[in-house]
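Asks:
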Amino acid sequence: MPKSIIIKKHGGPEVLELQDVNIGTPGPNEIKVTNHAIGLNYIDTYHRSGLYPLKLPIGIGLEAAGKIDEVGSNVKEFNKGDNIAYASIPLGAYSQQRVIPANIAVKIPDGISHEMAATLMTKGLTTNYLLTKTYKLKAGETVLFHAAAGGVGQIFAQWANSIGAKVIGTVGSDEKIKVANDNGYEHVINYTKTDFAKEVLKITKNKGVTAVFDGVGKKTFQGSISCLKTRGMLVSFGNASGPLDPVNVPKDIQPKGLYLTRPSVGQYFTNQKELQEGANQIFEKVKFGKIKIRIFKKYKLSEAKNAHADLEARKLLGPTILIP
Ligand SMILES: NC(=O)c1ccc[n+]([C@@H]2O[C@H](COP(=O)([O-])OP(=O)(O)OC[C@H]3O[C@@H](n4cnc5c(N)ncnc54)[C@H](OP(=O)(O)O)[C@@H]3O)[C@@H](O)[C@H]2O)c1
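Numbering (my numbering) for the sequence shown: 795 to 1118.
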C-alpha cells in the first residue's frame, strides 16, 4: 500500500504522520500518479498549523512531480507513462502515489527532471503571476522582495533580472546575504539587524520602490508601506511571520495613494490550459538558462517533520523537496 503524510489534528511538525493509504482507481476525470519528488512550500506549514484551517483528517502538500500510472475514461490530455507535475488543491501531495483531478496536472517537457519540476511549480507559477500579471514589472524598475534567499525568493530575482529590472532583497541572517546575491539581488539587507525601509530609501535616493513583494506579512507590513513610492503597489502574498493585522486605509494607504493586493496562485491560473502555459514559460526559462535552480536540500518523505521544523526555523537556504 502507498504511504502518505496525514494530519489528524492541527499543530507543530509532530502532527505529520506517515500512514498506509488506500487510494483506489481514478474516476473518469482523474489520473493515478506515482510521485517521484514533492515540493516543500511554506504554505504547507499554514495547513499543518491550522493558520489555514482544514477539515481533518487530511493529507497535506500541494506540489509534486511524477509519472502517470492510470488515466480515467474521459481524460484526453494525458496518457499512462506521461511525466507530469501539479501544485494545487486537493491537498495530499505528500504521498508516494495518489489519484488527482487531471485538470490540475501539467506535462513536464524532456530536459526537466521530476525533482526540478517539483521545485518549480508553486514557486515558479507564483513568480510568474507576481511579475507578469499582478504587477507587470518593466525593465529599469527597482522593486523590493522579502525573504530573498527563500524558495520563491531565489526564482524571483532571476526572473526580474531577465526582464531587465533590479531587485533589493531582505534576508534574516548574514549567511543568506551571499545566497541572495548569487541569485541576482542587486542589494541585500539583513532585516533582523537593519531597518530595511530606511535602507531602501537610502539605496533609492529617497525615491522609494514602485512595488514591494511581501511574503513575510505581519513583521514587514509597516516597513513595506514606508519605502513605497507614491502610487506604488504592496503585493502581500504570504504570512511567514504571521497574518496581517486589519489594514488602516486612511493611515497606511491613502497618504501615498498606494495599491494593496493579496493574491494567490489559483486566482491567476484558473484552468488546465492556463496552468500548462504558465508552467511552460517557467520550464523554458530554466531550459535556456535564464533561471538556474539549485535544490538546497532533499528529505525523505518519512522525514517531513524535520523538513517542516527546519523551514519554520528559517534554516532552509533555498528550494527543498521531499523524496517519497
Ligand atoms: N500567495 C501565493 O500565491 C503564494 C504562493 C507561494 C508562496 N507564497 C508565500 O510566499 C512566501 C515564501 O514561500 P516559500 O515556500 O518560498 O518559503 P521560504 O521563503 O523558503 O521560507 C519562508 C521564509 O520567510 C522568512 N521569514 C520571515 N519571518 C519568519 C518567521 N517569523 N518565521 C519563519 N520564516 C520567516 C524566512 O526567511 P529569512 O530568514 O530570510 O527571513 C523563511 O526562510 C511564504 O509566505 C508563502 O506562504 C504565497
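Where a beta carbon is used, it is the ideal one built from N, C-alpha and C, also for glycine.
All figures in this text were calculated on a predicted structure; none of them were measured in a lab.
Could you say which of 815, 869, 951 lies nearest to residue 922 if we only look at CA atoms?
Replies: For the purposes of this step, residue 922 is taken as residue 128 along the sequence shown, with counting starting at 1. Closest option to residue 922, Cα to Cα, is 951.
Asks: Would you call the region 1015-1022 in contact with the region 977-996, where contact means no fewer than 3 C-beta pairs closer than 8 Å?
Replies: Touching, per the Cβ criterion.
Asks: Can the beta-carbon of residue 857 be found less than 7 Å from the beta-carbon of residue 833?
Replies: Taking the first residue of the sequence shown as position 1, residue 857 is located at position 63. Taking the first residue of the sequence shown as position 1, residue 833 is located at position 39. Cβ distance < 7 Å, so residue 857 and residue 833 count as in contact.
Asks: Between the region 900-919 and the region 1046-1053, do three or more beta carbon pairs fall short of 8 Å?
Replies: As far as the Cβ criterion goes, the region 900-919 does not touch the region 1046-1053, which means the pair count is below three.
Asks: Using only the heavy atoms of ligand 1, determine whether one of them is closer than 6 Å to the beta carbon of residue 962.
Replies: As a first step, residue 962 is located in the sequence shown; it is residue number 168 there, counting from the start. Flag unset: Cβ of residue 962 not near ligand 1.
Asks: At which residues does the alpha helix (DSSP H) containing residue 981 begin and terminate?
Replies: Locating residue 981 in the sequence shown gives position 187, counting from the first residue. It is not in any alpha helix (DSSP H) - residue 981 instead sits in the beta strand (DSSP E) that spans 981-984.
Asks: Do residue 1102 and residue 807 count as a contact pair if the criterion is CB distance below 7 Å?
Replies: In the sequence shown, the residue the question calls residue 807 occupies position 13. In the sequence shown, the residue the question calls residue 1102 occupies position 308. Yes; because the gap between Cβ atoms is below 7 Å, this pair is in contact.
Asks: Taking the beta carbon of residue 1113 as the centre, do at least 16 other beta carbons fall within 10 Å, making it buried, or is it exposed?
Replies: Walking along the sequence shown from the start, residue 1113 turns up at place 319. Burial call: buried.
Asks: For residue 838, count the other beta carbons within 10 Å of its own beta carbon; 16 or more makes it buried, fewer makes it exposed. Which is it?
Replies: If you number the sequence shown from 1, residue 838 lands on position 44. So residue 838 counts as buried.
Asks: Using alpha carbons as the reference points, say which of 866, 859, 848, 795 lies closest to residue 821.
Replies: Here the question's residue 821 lines up with position 27 in the sequence shown. It is 866.
Asks: Answer yes or no: the CB of residue 979 versus the heavy atoms of ligand 1, is any distance below 6 Å?
Replies: Position 185 of the sequence shown holds residue 979. Incorrect: residue 979 has no Cβ contact closer than 6 Å to ligand 1.
Asks: Taking 8 Å as the threshold, find out whether the region 936-949 comes into contact with the region 959-972 through three or more Cβ pairs.
Replies: Yes, the region 936-949 touches the region 959-972.
Asks: Does the region 890-907 come into contact with the region 966-978, if we say contact requires no fewer than three beta-carbon pairs (one atom in each stretch) closer than 8 Å?
Replies: The region 890-907, when compared against the region 966-978, does not touch it at the 8 Å Cβ threshold.
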